[in-house]
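What follows is a single structure, written as structure tokens, with notes after it.
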Amino acid sequence: MLIAIDAGHGGKDPGAVANGLMEKNITLKLALKTGDYLKNNYHCDVLYTRKTDVFLTLSERARIANREKADLFCSFHINSFSATAKGFETYRYPKAKAKTAELQKMVHAEAMKTLQEHSIADRGMKQKDFAVLRETRMPAVLTEVLFLSNPKEAALLQSDDFLTKIARAHADGLAQAAGLKAKQKC
1 MLIAIDAGHG GKDPGAVANG LMEKNITLKL ALKTGDYLKN NYHCDVLYTR
51 KTDVFLTLSE RARIANREKA DLFCSFHINS FSATAKGFET YRYPKAKAKT
101 AELQKMVHAE AMKTLQEHSI ADRGMKQKDF AVLRETRMPA VLTEVLFLSN
151 PKEAALLQSD DFLTKIARAH ADGLAQAAGL KAKQKC
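If you count by the UniProt record's numbering, then the sequence shown holds residues 1 to 186, one letter each, in order.
Below, the structure is given as structure tokens:
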């Protein structure tokens with residue numbers, strides 16, 4: 001089982017910028033933490049679209065996952081709108097098959113379990129024609145983890161402990177969707 005993890009933005013594309021944070025840096029941390037957790041706790045392989053601060057087009061991200069024949073794809077993003085905007089949401093391609101809806105449901109549910117501990121609003125499971133969702137050939141989900149523009153949520157996004165927890169939640173949701181077995185602890 002190969003799970004593709006996509007850290008949104010990167011290089012010349014910072015993504016959202018607010019409260020002293022850049023989306024590209026947070027998505028990279030989340031992607032690396034999620035992949036590490038998957039590899040260390042489940043029987044699977046992980047493919048990163050990027051492991052450093054480099055720019056990739058949206059189509060390049062999908063091509064990487066398609067070329068390597070990934071079984072699942074998860075793209076990390078952070079929202080930004082206003083100081084009062086808040087919450088977590090996930091997206092799937094509108095014409096996606098049922099397996100993609102199941103993937104979205106499992107990742108969303110696991111993330112919300114963690115986010116409820118911090119009173120984070122559930123903005124729902126949505127559908128949108130995003131290139132990385134449209135162009136990937138495997139079940140794919142895109143998550144928008146909080147709002148950089150909201151000072152309270154920006155503070156959480158600066159916490160390594162919080163990022164570790166939300167990365168684990170994503171990993172557990174991906175593992176459920178993939179039917180992965182957990183590694184035995186020694």
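Glycine included, each C-beta is placed from N, C-alpha and C at the ideal position.
query	result
The alpha helix (DSSP H) enclosing Arg102, as first and last residue numbers	Residue identity check: residue 102 is Glu in the sequence provided, not Arg. Run containing Glu102: 98-116, per the alpha helix (DSSP H) assignment.
Sub-8 Å separation of Val132 and Ser75 beta-carbons	yes
Whole-angstrom distance between Asp160 and Arg123, CA atom to CA atom	23 Å
Spatial neighbours of Lys165 in its chain, beta-carbon cut-off 6 Å, leaving aside the 5 residues before and after	Thr114
Gly15, buried or exposed, once every other Cβ within 10 Å from all chains shown has been counted against 16	buried
Euclidean distance between Cα positions of Asp45 and Ala31	14 Å
Backbone secondary structure at Asp6 - three-state DSSP	strand
Nearest residue (CA-CA) to Lys86, options Phe147, Leu157, Leu21	Phe147
Best match in Arg134, Asn79, Glu117, Asn150 for proximity to Glu60 [C-alpha to C-alpha]	Arg134
CB of Thr34 within 8 Å of CB of His77, strictly	no
Test item: CB-CB of Glu89 and Glu144 under 8 Å	yes
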